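Have a look at the structure below, then the notes.
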Amino acid sequence: MKTTSIKTIPLLLIGATIGGALTIAPGVLAERLIPTLITDEEPPPGLPLEELREITEVMLRIERDYVDPIEREDLIQNAIGGMLSGLDPHSSYIVPDGMKNLQEQTRGEFGGLGIEVGMEDNGYVKVVAPIDDTPAFRAGMKAGDLIVRLDGKSVRGLTLTEAVNKMRGKPGTIIVLTVVRQGLDAPIDVKIKRDIIQITSVRARTLEPGYGYVRISAFQTRTANNLIQSVNRLQEESEDGLNGLILDLRNNPGGVLKAGVDVADAFLESGTIVYTEGRRDDAKLRFNADSTDVIDGKPLVVLVNGGSASASEIVAGALKDHRRAVIIGEPTFGKGSVQTILQTEGNAALKLTTARYYTPSGNSIQAQGIVPDIISGQVQITRASQEGLARLREADLAGHLESDNEDEGEGEDEGAQEGEGVDEGADEGAGEDEGGIDDILGESSDEDAQGDDAGSEGDSEGDSEGEENETQVSSLAEDDFTLYEALNLLKGLHILNNRPVNL
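For what it's worth, our numbering labels the leading residue of the sequence shown as 409, then goes sequentially.
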């Protein structure tokens, strides 16, 4: 197995669903860009000539007898796409325009709606996760939504790329998505105005003095650097530095693998972050931490849910296995396979599943996900409770790769409260009310007012400050109870780590 320093990792992505990186959002793929399919290797013996003749005959009959004229190029592309899509949900054929879209998305800017989608066997398009601060997010699209019509026309019969292209369009134009949502008796129409999608993958603020919050919505090439800059800013804003940090990966479908590895490395000083296993030697890689902890070992809490996929799972799995963080939320998506981008001479490419990836303890995430240390249900304080909606997970995708863990129900790492190997339970976890995150991040960081006389009683400024903090905590509990729980846990860990030792 090759050991790869994280500073020399080639461009890798990780996709949460079929065509993830080709859709309207950056998916997590663990993809490697290979220049061409033409190699010096000998072709496998015994090419299936009879089968190839049959394919040729079918193509000729379609050209001759099909009710409408059809281009041969379209037939060939459809045939190639069928070969790949029949393998698993993440292998696919990338047309030349799709390669352009892929490159745009890894840069974090593209036109569209702002959702990660995949194609179901029934021909409908399923939402993996909406991306923060995008038109789809603001319109209320949810993970697990099934898109059945685009502007009144059925999506059945379209390829995933064709459906995505119809959802793309000139900024400012309107598209109506007809959506089937679990828990609703009838489809709903969601009107969305297209826009240029510029994903700010890292946002941060101080929740309370000494306690920081960082939200990563996708893993892009600059994410790790932006994370470190944000944490350093939070350190400077706190008079005595940070006492602890919350890292929010909820509804993060993935992105560039190197960014995920670098984010995990920002909190680890040594040890394995993730490794991959495949049939070929070049699919066997190991990524190790080799930097310093950006918060110097202070308590860390990571938030995940069913929309956290691939690179998010790599980060959560590494931090959990090394006991560096407490994971709170709900079981993650469970996408643990690696895709390689193989370019063809015709400027198209194949996205082919070539390996599985494993957490440091040797557990496969595939179709199982990361089970949090603390399962946090969907709770809303002072609001009407709603029936939890089942989330789409890797195990729900038709044709998904099976986990190769020896026991599907196990996979625990010793020393962790829960292991990565337990299928998602009925408990619907944190992050369903993502509007609370926007409310939190939309506020500027609080500059705590300091009274002129710290010892004076009845100081109106000090009283006002206390009331303001109390109001913010109350609002946090209403808007995002899981984040509220995480903040309280962080405070407890800080107290525990700094308690006096009796000798």
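Positions of the beta carbon are idealized from the N, C-alpha and C atoms, including for glycine.
Quantities reported herein were computed from a predicted structural model and do not represent experimental measurements.
With fewer than 16 other CB atoms across the displayed protein chains lying within 10 angstroms of its CB, Asp-482 is exposed. Between Val-584 and Asp-559, the C-beta spacing is below 7 Å. Residue nearest to Gly-744 within the set Gln-751, Leu-758 and Ser-716 is Ser-716 (criterion: CA-CA distance). Counting along the chain, Gln-606 sits inside the beta strand (DSSP E) bounded by residues 603-606.
In the DSSP assignment, the residues bridged to Gly-526 are Lys-534. Using a Cβ distance threshold of 7 Å, His-902 and Asn-651 count as a contacting pair. Short of 7 Å from the beta carbon of Ile-735, and not among the five residues preceding or following it, lie these beta carbons of its own chain, in chain order: Val-710, Val-712, Ala-724, Lys-728, Ile-778, Pro-780 and Asp-781.
Shown here for Arg-602: same chain residues with a beta carbon closer than 6 Å to its own, the five before and five after excluded, namely Gly-577, Pro-579 and Thr-581 in chain order. For Asp-656, the enclosing beta strand (DSSP E) covers residues 652-656. When rounded, the separation of the alpha-carbon atoms in Phe-889 and Phe-545 is 20 Å. Secondary structure note for Arg-907: it is in no alpha helix (DSSP H), with a DSSP letter that is neither H nor E. The three-state secondary structure of Asn-640, taken from DSSP, is helix. Secondary structure of Gly-489 (DSSP, three-state): helix. The beta-carbon separation of Gly-620 and Val-639, rounded to 7 Å, stays under the 8 Å limit for a contact.
Going by beta carbons, Leu-693 and Leu-895 fall outside the 7 Å limit. Under the DSSP definition of a beta bridge, Ser-745 partners with Arg-764. Inter-residue distance for Gly-649 and Ala-571 is about 48 Å (C-alpha atoms, whole angstroms). At a Cβ-Cβ threshold of 7 Å, Ser-625 and Ile-539 count as neighbours. The beta carbon of Gln-485 is closer than 7 Å to those of Tyr-501 and Val-503 in its chain, skipping five residues each way along the sequence. Judged by beta-carbon spacing, Val-598 lies within the 7 Å limit of Ala-547, meaning their Cβ atoms are closer than that value. If you ignore the 5 residues before and after Ile-681, its C-beta comes within less than 8 Å of the C-beta of Ile-414, Val-669, Ala-672, Asp-673, Phe-695, Asn-696, Ala-697, Ile-722, Ala-726 and Pro-768, all in its own chain and listed in chain order.
Within 10 angstroms of the beta-carbon of Ile-470 lie fewer than 16 other beta-carbons, which makes it exposed.
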